Amino acid sequence: MKRMTSLLLAVLLLAAVIILPGCERKVRVYRFAEIHALDYPTTQGNIAFANYVEEKTNGRIKIEVFHSGQLGQERETIEMTQTGAIAFVRVATNPLTSINPVMAALSMPFLYRDRDHMFRVLDGEIGDEMLESLQQQNLLGLCWFDAGFRNFYNSRREIRTPADMAGLKIRVQETPLMMDMIRMLGASPTPMSLGEVYTSIQNGVVDGAENNWPSYIAVGHFEVARFFTVNQHMAAPEMILINTGVWNSFSEDEKRIVKEGALEGARVQRAAWIAAELEHEARAREAGSIIYEPTAAEIKLFADALAPIYNQPAYAAFTDLITRIKAVE
27 MKRMTSLLLA VLLLAAVIIL PGCERKVRVY RFAEIHALDY PTTQGNIAFA NYVEEKTNGR
87 IKIEVFHSGQ LGQERETIEM TQTGAIAFVR VATNPLTSIN PVMAALSMPF LYRDRDHMFR
147 VLDGEIGDEM LESLQQQNLL GLCWFDAGFR NFYNSRREIR TPADMAGLKI RVQETPLMMD
207 MIRMLGASPT PMSLGEVYTS IQNGVVDGAE NNWPSYIAVG HFEVARFFTV NQHMAAPEMI
267 LINTGVWNSF SEDEKRIVKE GALEGARVQR AAWIAAELEH EARAREAGSI IYEPTAAEIK
327 LFADALAPIY NQPAYAAFTD LITRIKAVE
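With positions in the sequence shown counted from 1, the corresponding number in this note's numbering is that position plus 26.
This is how it looks when you write it as structure tokens:
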């Protein structure tokens, strides 16, 4: 009885039920949190998902995508989805490590051979296991989005090797893995939300950050940090999460439609991501960013510097999972 009451309360918080004039058809409206702008690839994927679900349910389920951080920053919206304030969130794996440490296994440095290898992992058995691994935290993953590979950029100097990072203050996502990586490269990690980074670089609170091409341009970091190094030190896949109370409130047919819609959103997002990477790299070059592409030997220096992290106790616990990831052909 207590469980049923909790489920009912969650659904009431998450969905507004509307009875359309002149009929008895009930429309359930759910909120979806996204920190990026309307034209960003992840938002495009979210909207494709929402449109698919609304169409296939004949308007019974409507998902409203709140972009540009209208509902809060990433960590806040994860918590809101857990507690039942919102129904859906698009999120990167890195912030999820605070509630499920095994998520760190998907973001270890130089883990994936390339994008194709990453999606063979995520779209297979391992990816399915990880989507389902958050249910004790009231979250269920529906699909995987592309977030590209992350690179370093800063306002002070060109980074060619790890030695060039000595003394730099680098913004990172608020996770132990990200902070450990930056320390191992000789820089000082400064955790903060994405929305604080621009002014922090501008005011010298940090010297730079690390992120993908679309984020570097979309949030304007190229304006204050013109030195960009394409070292691709890690990939941090992203996903759509749904509150488990909402998921359990759906009929089996609705669950099928929502899952299919998420996969359609992922298809749209991944295509948009590849196009955005090309577009934003070109925009960075046109804007005068100083872009350095390390040699294979220089990339190896980064990989070698970060290799010991795999032996640290916090991450060695995922050795079997990491071995499985690397074995995927």
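Cβ atoms here follow ideal geometry from the backbone N, Cα and C, with glycine treated the same way. It should be emphasised that the depicted structure is a prediction, and the values quoted were computed from it without experimental measurement.
Completely contained beta strand (DSSP E) runs for the region 53-133, where each covers 3 or more residues:
87-92, 114-118
Inspect the beta-carbon positions of Ile196 and Asp233 and report whether they are closer than 8 Å.
yes
According to DSSP, residues forming a beta bridge with Ala189:
Answer is none; Ala189 lacks a bridge partner.
Limits of the unbroken alpha helix (DSSP H) element including Ala329:
322-332
Ranges of the alpha helix (DSSP H) found wholly within the region 232-270, counting only runs of at least 4
239-244
Closer than 8 Å by C-beta to Tyr318: which residues in its own chain qualify, once you throw out the five before and the five after it? Chain order, please.
Glu184, Ile185, Arg186, Phe253, Phe254, Thr255, Val256
So, with DSSP's three-state summary, where would you put Leu160?
coil
Which class does Tyr318 belong to by DSSP, given the choice of helix, strand or coil?
strand
C-beta contact flag for Thr119 and Leu132 at 8 Å
yes
Between which residues of its own chain and Glu236 is the CB-CB distance below 6 Å, once the five residues before and five after are set aside?
Arg176, Phe178
Residues sharing a beta bridge with Pro215, DSSP
Ile196
Tyr341 (DSSP reduced to helix, strand or coil):
helix
According to DSSP, residues forming a beta bridge with Ile166:
The question names Ile, but residue 166 in the sequence shown is Leu. BP columns for Leu166 point to Ile268.
Which whole-angstrom value describes the C-beta separation of Ile61 and Glu90, a residue pair presumed to lie in contact below a C-beta threshold of 8 Å?
The Cβ separation is near 16 Å, so there is no contact.
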